[in-house]
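First the structure, in the form of structure tokens, and then the observations on it.
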Amino acid sequence: MATPELSGRPPDTPMTNAAEQSPAILNSGTQTLNFKAALAGINQDTSRKATQWTFVGADDIETGLFQGEPELKLSSKFKEKLCQPWKKTLIVRLLGRSVTYSYLCAQLRWKWRPVGSLEIIDLNNDTFLATFGDDQDYLRALTGGPWVILDHYLVVHQWSPSFQL
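If you're matching positions, the sequence shown starts at 827 in the working numbering and goes up one per residue.
Encoded structure:
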């Protein structure tokens, strides 16, 4: 009977890809992870884009003074660049009822069933931003209502740069 070496380190095992050992299950464009895959570091949201940087050119900003204070004026082209990441974003509010962030996220994901990514941001005052990765998901959420959660209507409208709480 052979005894294992007692060198104080684990035995050598061949390296394999974590995705090969426990592949994630693809379900209608979204990825569902099991516990083992999550520990292996497989990213749940593969459709999420990297941070996009916006660079300022000399023609994008005009400087000056207004009533003795410095003033910056942005060109309309540069303003469009700044607003681009918010083009597929909806402002969402449940009328007459407060719900937790996690409850609203679960309800919106269940009702809208997005094919692409859906990122929800809590703005406080029971107002949320829902940013979609897919155009069809965005249009379905915007025009497919009325949406009702806990017998209360969900107000959904397009994001605009002049939006205020």
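Beta carbons: idealized from backbone N, C-alpha and C, even for Gly.
These numbers were taken from a predicted model, which means no experiment stands behind them.
Segment limits, beta strand (DSSP E) that includes residue i
i: T953; result: 953-958
i: L976; result: From DSSP, L976 is part of no beta strand (DSSP E); its letter is neither H nor E.
i: L965; result: From DSSP, L965 is part of no beta strand (DSSP E) but of the alpha helix (DSSP H) over 961-969.
i: D1041; result: Since the first and last residues shown for the chain are 827 and 991, residue 1041 lies out of range.
is_contact[residue i, chain B] using C-beta, thresh 8 angstroms
i: D886; result: In the structure shown, chain B cannot be found, because there is only a single protein chain.
Endpoints, alpha helix (DSSP H) assigned at residue i
i: K903; result: 902-909
i: L934; result: 927-938
Beta bridge counterpart(s) of residue i as assigned by DSSP
i: F892; result: E895
Backbone CA spacing between residue i and residue j [nearest angstrom]
i: P972; j: H983; result: 12 angstroms
i: P987; j: C909; result: 7 angstroms
i: V925; j: W985; result: 21 angstroms
i: E906; j: F989; result: 15 angstroms
i: F954; j: I947; result: 5 angstroms
i: L934; j: D952; result: 14 angstroms
Rounded Cβ spacing between residue i and residue j (contact assumed at less than 8 angstroms)
i: D993; j: L991; result: Absent from the model: residue 993. The displayed extent of the chain is 827 to 991, so no value can be given.
For the pair the stretch 952-972 and the stretch 913-925, tell me if three or more CB-CB distances fall below 8 angstroms. Yes, the stretch 952-972 is in contact with the stretch 913-925.
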